[in-house]
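Quick note on the working numbering: the sequence shown kicks off at 1334 and runs consecutively. Where is the CB? At the ideal position from N, CA and C, for every residue including glycine.
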Amino acid sequence: FEIGFPLPNDKHEAEIPGYHCWSDFYVDSIGWIPVDISEAWKHQELYDYYFGAHDPNRVQFTVGRDLHLSPAQAGPPLNYFVYPYVEVGAKEYPNVSIAFSFKDVDAPGTTAEKK
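Next comes the structure, spelled out in structure tokens:
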């Protein structure tokens, strides 16, 4: 179970409206197999691809559940961690504004492909 943000293939900069989940399952004779059931449902022409692969255009934030932060949070383990977690006075503080976006940039020594 992985949580992160999908990044659109057709854009070099955009806001990201929300998170996405990916999963893997284990088969003894094969090993771990990645699946993206929601994308396979939305894009049925890519069903076979999403049953065995994850789209590489994504940013992964966490894997698993019942997460403990470092330094440890005062509250209970987090079910998942994709949005900021804030504590004030050793209590969770939920009134945090969030917005996510991405932009392709050239890393030193590389040239990003421009379309």
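Since residue i is in the beta strand (DSSP E), which residue starts that stretch and which ends it?
| i | result |
| --- | --- |
| K1344 | Taken as a continuous stretch (DSSP letters only), K1344 belongs to no beta strand (DSSP E), as it is neither H nor E. |
| Y1359 | H1353 to V1360 |
Classify residue i as buried or exposed, calling it buried when 16 or more other Cβ atoms lie within 10 Å of its own Cβ.
| i | result |
| --- | --- |
| I1336 | buried |
| W1374 | exposed |
| K1410 | It is Pro, not Lys, that sits at residue 1410 in the sequence shown. Its Cβ having fewer than 16 others within 10 Å, P1410 is exposed. |
| P1339 | buried |
| H1401 | exposed |
| Y1383 | buried |
To the nearest angstrom, how far is it from the Cα of residue i to the Cα of residue j?
| i | j | result |
| --- | --- | --- |
| Y1416 | D1361 | 34 Å |
| N1342 | N1390 | 7 Å |
| A1432 | I1349 | 8 Å |
Among residues of its own chain, excluding the 5 on either side of residue i, which ones have a beta-carbon nearer than 7 Å to its beta-carbon?
| i | result |
| --- | --- |
| S1430 | none |
| G1385 | I1366 and P1367 |
Spatial neighbours of residue i within its chain, please: C-beta separation below 6 Å, excluding the five flanking residues on both sides.
| i | result |
| --- | --- |
| H1353 | P1339 |
| V1392 | G1337 and F1338 |
| A1423 | A1407 |
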